[in-house]
Amino acid sequence: MIGKQAAVNALWALGVLSSLLVGTDSAKVKRVKAGMTYHPHDAVSIVVNKVGPFNNPTETYRYYSLPFCHEHSTEEEEMEALQEENVDLPDNIPSEKRLGAQKHRQRLGESIVGDRRETSPYEISFGDSVEWRLLCKKLLRPQDIEKFKEAIHNNYFFEMFVEDLPMWGYIGDIAGEDMIIGETEGSGTYLFTHLHFLLGYNNNQIVAAKVTTDIDRKVDITDIHNEKHIQFSYSVEWYEEPNLTWKNRMSRYAESRFLPSSFEIHWLSIINSFVLVLLLTAFLTIILLRVLKNDFSRYMELDDDAMEEEESGWKLIHGDVFRFPQYPAIFCSAVGIGNQLIVLTFFHLCLALTGLISTTRRGSILAGVVVLYCLTSVVAGYTAIRLFRQMGGKNWVQCVILTAGMFPAPIVAVFLWVNSVAIAHGSTSALPFTSILTITALYIFLAFPLTVFGGILAKNYASPDFNAPTRTTKVAREIPTEVPWYRSRPFQVLIAGFLPFSAIYIELHYIFASMWGHQIYTLFGILLLAFILLIIVTSFITVALLYFQLAREDHRWWWAAFINGGMTGIFIYIYSFYYYFHRSGMSGVLQSSFYFGYMAVVSFAFFLMLGSAGFQFSLIFVKYIYSRVKCD
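Residues -26 to -1, 1 to 606 in mature numbering (1 follows the signal peptide of the UniProt record, and there is no 0) are what the sequence shown spells out, letter by letter.
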């Protein structure tokens, strides 16, 4: 009866939430569908999105935060302007007045990445090229001119869409300005007032879109103290793209001149990384196999009488090596979440590789992460509680709650800070209230219940036996304190993070350029292979360092193996500082808050993933070597 009432309450809550979301979106314009088949002279919508500093990709603002045209010019104004320009408007162009600044409905992923799509007053029809057309005449007051001038000095770009094809351009340009002093006598700030749209089509579908600015039609706005009458205009050029299909329409963006040209195919770097990983893994495998073979031979040849005298190294601590670690609930939760993130990453990359998750659709990658995290929560709950019960833990409810909150808690903390900063700056990077409600509902009604469900499955069906090959003594053995520097914990931690990081360093640069730049990352097959190799090499290095730790008779290996495996995540966060200050042009409180906040979350995720993988390989290794030798 209680379960039925809970289900009714959950359905009621979901109904209220969905009605709130629908009510909020009802006032918005229906999104423009991609892949439409047009007839001649059909209306084509230009959707404006956002503006912001080019070097700060997260610091974005509404397109209409700058005083652009909200309405198209009237027919009288247009005819007068056409006579002044001495151009003719084609007769067959339909005149459909459109209003700007009307918000579009958006997907969850688009809201997460800061998109705020709105209508624009541009009147464009399919197949109709236009030499010149007046958009609007606008009186810019001093405060409006100052907004444009500040945006131009901060290297603002704008983003527009035709269907789902993005277009970028700069708002203006500066000339004669000193890099250090700034404005000097003779320097000027110029606003681009004319946009030229180049639209390609194939089989009556739009497959290419690009916008350029006309430097011959720029307006000097250096003086911000006087009002200025500005004439905004545009032109349209249609051309056929017979070799570009609609399915492959995004392929041209890798060749876009607006994007930095340094993002090239990096096969040589990828092959170099893979060879390094394979050599390192092979080297560790050979060394470990030879050393273990010698150890097994030595221990097997000793008779029972000599064993007490000769016994040393890792066999000596057979009565302590399976002594469970401190803070088992935290440890098991970390391992469970690490397993979940490994499964999430693997499936996400596979879905991206097969095309089930569109890598070109704005925000689909992040939306996929949110949904897959919720669906894979059962993995975290199951593996955490199974290990917790094998360690003899009793309060499994506390462990499952810790598992459900260990990773979301720091995300919420970072989000509260960066979202507050974004709201204070008026940036579109601030997540809308409806998106916050959606993500919260996904966690409350999907992620948390699945975590608990996984824990219940482990409690009722998973074996509680740890199956340790040796018995654990009641009194812990004393750990030697004098060890060489190269066997000390700080040195081990350094090696554990540096070697796997060196294998992914080059690829990491391109991933950062995609995450914190304007690039579109497409090599998901290579990324999947790199991820698998990273798991393997991290695990091998963790096992190798574990062997040296056991050989010096240190049986506190549980947390050490987890931390050694996860150290690559710490190195990734350290690298993020190098990238920010030496490889990017990012600056400002808003951008740095998003960058360092969410890079901390990403690094923590890698710490949990690789730490979990390293520990589980280490556990298999320890059980194997102690099951091969005779222990009293």
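Beta carbons are placed, not taken as given, at the ideal position from N, Cα and C, and that holds for glycine. For clarity, every value in this text was computed on a predicted model and none was experimentally measured.
Counting along the chain, the unbroken beta strand (DSSP E) around Ser209 starts and ends at 202 to 214. Its Cα nearest to that of Arg91, the residue Phe132 stands out among Lys202, Gly499, Phe132.
Residue environment: Met541 is assigned as buried (16 or more neighbouring CB atoms within 10 Å of its CB, all protein chains considered). The continuous stretches of alpha helix (DSSP H) do not include Val25, which lies in the beta strand (DSSP E) extending over residues 20 to 27.
Between the alpha carbons of Leu420 and Arg5 lies a distance of about 28 Å. In the assembly as shown, Ala303 is a buried residue. Its beta-carbon has 16 or more other beta-carbons within 10 Å. Taken in chain order, the whole alpha helix (DSSP H) runs of length 4 or more contained in the segment 485 to 567 are 498 to 525, 532 to 556. For Ile413, the CB contacts under 7 Å within the same chain, skipping 5 residues up- and downstream, are Val344 in chain order. Here Phe568 has Thr32, Val392, Ser403 as same chain residues with Cβ atoms under 7 Å from its own Cβ, once five neighbours each way along the sequence are excluded. Contact between the segment 288 to 306 and the segment 440 to 458 is established, with three or more Cβ pairs separated by less than 8 Å. A contact is defined here as three or more CB-CB pairs under 8 Å, and the segment 431 to 445 fails this definition with respect to the segment 480 to 487. Gly146 sits in a strand when the DSSP states are folded into three classes.
Residue burial annotation: Pro140 is buried, with at least 16 other C-beta atoms found within 10 angstroms of its C-beta.
For Lys112, the three-state secondary structure derived from DSSP is strand. Counting along the chain, no alpha helix (DSSP H) covers Ile180; the unbroken beta strand (DSSP E) around it starts and ends at 179 to 187.
Comparing C-alpha distances from Asp62 to each of Phe536, Leu73, Ser209 shows the shortest one belongs to Ser209. Taking C-beta separations shorter than 6 Å and ignoring five residues to either side along the sequence, the partners of Ala432 in its chain run Tyr356, Ile359, Arg360, following chain order. Contact check for Asp89 against Lys24 passes: the beta carbons are separated by less than 8 Å.
A straight-line Cα-Cα distance of about 10 Å links Asp118 and Glu124. In this structure, Ile494 keeps its C-beta atom at 8 Å or more from the C-beta atom of Gly337. Thr167 places its beta carbon 8 Å or farther from that of His127.
Per the coordinates, the alpha-carbon of Thr350 lies some 15 Å from the alpha-carbon of Ile430. For Asp197, the closest of Glu120, Thr48, Glu58 by C-alpha to C-alpha distance is Glu120. Per the DSSP secondary-structure output, Tyr175 pairs in a beta bridge with Ile180, Glu214. Residue state for His168 is assigned as strand, using DSSP reduced to three classes.
Taking one beta carbon from each stretch, the segment 551 to 570 and the segment 579 to 590 have fewer than 3 pairs nearer than 8 Å; the two do not touch. Here the segment 66 to 78 makes no contact with the segment 317 to 328; the two share fewer than three CB pairs at distances below 8 Å. In the three-state scheme derived from DSSP, where H, G and I count as helix and E and B as strand, Glu45 is classed as strand. Assignment of Trp106 by DSSP, reduced to helix, strand and coil, places it in the strand class. Judged by DSSP in its simplified three-state form, His15 adopts coil rather than helix or strand. The residue among Phe422, Leu502, Pro384 with its C-alpha nearest the C-alpha of Tyr572 is Pro384.
The beta-carbon separation of Gln76 and Thr93, rounded to 4 Å, stays under the 8 Å limit for a contact. Comparing alpha-carbon positions, the option among His44, Gln565, Leu502, Arg451 lying closest to Thr328 turns out to be Leu502.
Excluding residues up to 5 positions away in sequence, Ser99, Phe100 lie with their Cβ nearer than 8 Å to the Cβ of Asp16 in the same chain. For Phe389, the enclosing alpha helix (DSSP H) stretches over residues 382 to 399.
Spatial neighbours of Asp147 in its own chain (CB-CB distance under 6 Å, excluding positions within 5 residues in sequence) are listed in chain order as Tyr164.
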